[in-house]
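Residue numbers (my numbering): 15 to 162.
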């Protein structure tokens, strides 16, 4: 598990059982022996509205990060992901979306593994490298449409 994954899990554990958590960026950075910008990166890429989160942040000595869960119905959650994907989708971003779909019980581990394998770089190796993210986006959106 890489540092970003560990920070994400720490925040998810902090918010578990409630709809909101308030954290200090510096405390998390100290906990993981990293710079606060690493915390910013994790929050800006993994705690976004399309994945069911609202983030409020205040910088400075008494600053905080307030993360709230947005209550989506499954179909709205999936539609938001489809809208966010656009024309290209990297494998790493797709895996973030799959983790969120799994977390909200929209898919199970088996489906996550199948989709991840089917849309991996290895599976798309016969597609020209410049076209892979476009092909992956189209395929992933079609899979998500069938989940709704």
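Using N, Cα and C, we set each Cβ at its ideal position, and we do this for glycine too.
Secondary structure at residue i, three-state DSSP: helix, strand or coil?
| i | result |
| --- | --- |
| residue 165 | This structure leaves residue 165 out entirely; the chain is present only between 15 and 162. |
| residue 70 | strand |
| residue 135 | coil |
| residue 35 | strand |
| residue 87 | coil |
| residue 102 | coil |
| residue 80 | strand |
| residue 47 | coil |
| residue 122 | coil |
| residue 140 | coil |
If the criterion is Cβ atoms closer than 9 angstroms, does the pair residue i and residue j meet it?
| i | j | result |
| --- | --- | --- |
| residue 111 | residue 95 | yes |
| residue 161 | residue 115 | yes |
| residue 108 | residue 130 | yes |
| residue 46 | residue 78 | no |
| residue 135 | residue 124 | no |
| residue 57 | residue 43 | no |
| residue 151 | residue 84 | no |
| residue 18 | residue 55 | yes |
Which residue marks the beginning of the alpha helix (DSSP H) containing residue i, and which one marks its end?
| i | result |
| --- | --- |
| residue 61 | Unbroken run through residue 61: none, as it is neither H nor E. |
| residue 156 | 146 to 161 |
| residue 27 | 17 to 29 |
Exercise for the section: Kindly confirm or deny that the segment 102 to 109 and the segment 137 to 157 touch, where touching means at least three C-beta pairs closer than 8 angstroms. Expected result: They touch, by the three-pair rule.
Exercise for the section: Specify whether the segment 66 to 82 and the segment 33 to 40 touch according to this definition: at least 3 beta carbon pairs, one from each stretch, less than 8 angstroms apart. Expected result: With a cut-off of 8 angstroms, the segment 33 to 40 and the segment 66 to 82 count as touching, because enough Cβ pairs lie within range.
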